[in-house]
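Chemist: Note that my numbering has the sequence shown beginning at 1, numbered continuously upward.
Quick reminder that beta carbons are idealized off the backbone N, C-alpha and C, glycines included.
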Amino acid sequence: MTAMTALLGFAAWTLLLIVLVVLWRGIEILRGVPADSWTRNAEKAASPGIVTRMAHAHANALENLPIFAVIVLVAHALGKSAVVDGVAAFVLYARIAQSSAHIIAVNHWMVLVRATFYFIQVALFAYLLWSLLA
């Protein structure tokens, strides 16, 4: 998998997460739930836990997508795509694993699993940056 393909996969995963949340909310609106029932940072969420966790996973993916995009696009612009091609797929896999762990459940062990995959992703970002700057 090339870095550009992994970047597209990361963007596609981020898009899929929000599409699932929007589909659920659309169904709820058709069932009569007022369209303004969902607020950001509400103390008690109007959505089931899994949908709330999916929205949070989407927000986290959005926070990390620009970092990954900058690394991949700068590598490409510098003619150093080979530097990121070998690692970029693992960034995507770590993102999907982190989001999946986030969506599945919230408990002590799943938070540790989620954090592990997140820190793998951050470490890969750091490695790629170091490799491009060296």
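(1) With H, G and I counted as helix, E and B as strand and the rest as coil, what does DSSP make of G32?
(2) Taking three-plus beta-carbon pairs below 8 Å as touching, is the stretch 46 to 59 in contact with the stretch 12 to 20?
(3) Are at least three pairs of beta-carbons, each pair with one atom in the stretch 96 to 112 and one in the stretch 69 to 81, less than 8 Å apart?
(4) Tell me, to the nearest whole angstrom, how far the beta carbon of A101 is from that of F117; I am working on the premise that it is less than 8 Å.
(5) So what does DSSP say about S47, is it helix, strand or coil?
(6) In three-state DSSP terms, what is V74?
(7) Check each candidate in I104, F10, H108 and H76 and name the one with the smallest Cα separation from L132.
(8) Report the option in L7, V91, T2 and V21 whose CA atom is closest to the CA atom of V51.
(9) Using beta-carbon positions only, say whether A88 and A3 come within less than 8 Å of one another.
(10) Tell me the rounded alpha-carbon separation between E63 and L30.
(11) Is it buried or exposed for V91, if we count other Cβ within 10 angstroms and need 16 for buried?
(12) Looking at the secondary structure, which residues open and close the alpha helix (DSSP H) in which A126 lies?
Modeler: Reading it off the structure:
(1) To locate residue 32, count along the sequence shown from 1; it is residue 32. Coil, per DSSP.
(2) yes
(3) no
(4) Against the sequence shown, residue 101 aligns to sequence position 101. Against the sequence shown, residue 117 aligns to sequence position 117. The Cβ separation is near 6 Å, so the contact holds.
(5) The residue you call residue 47 lines up with position 47 of the sequence shown. The answer is coil: DSSP assigns S47 none of H, G, I, E or B.
(6) Counting from one through the sequence shown, the residue named residue 74 turns up at place 74. Note: V74 maps to helix in three-state DSSP.
(7) In the sequence shown, the residue the question calls residue 132 occupies position 132. The candidate whose alpha carbon is nearest that of L132 is H76.
(8) Reading the sequence shown from its first residue, position 51 is the one you call residue 51. Here the closest residue by C-alpha is V21.
(9) Taking the first residue of the sequence shown as 1, we reach residue 88 at position 88. Taking the first residue of the sequence shown as 1, we reach residue 3 at position 3. Contact: yes.
(10) The sequence position of residue 63 within the sequence shown is 63, counting from 1. The sequence position of residue 30 within the sequence shown is 30, counting from 1. The straight-line gap from Cα to Cα measures roughly 31 Å.
(11) Counting from one through the sequence shown, the residue named residue 91 turns up at place 91. Buried: at least 16 other Cβ atoms inside 10 Å.
(12) Counted from its first residue, the sequence shown places residue 126 at position 126. From DSSP, the alpha helix (DSSP H) with A126 extends over H108 to L133.
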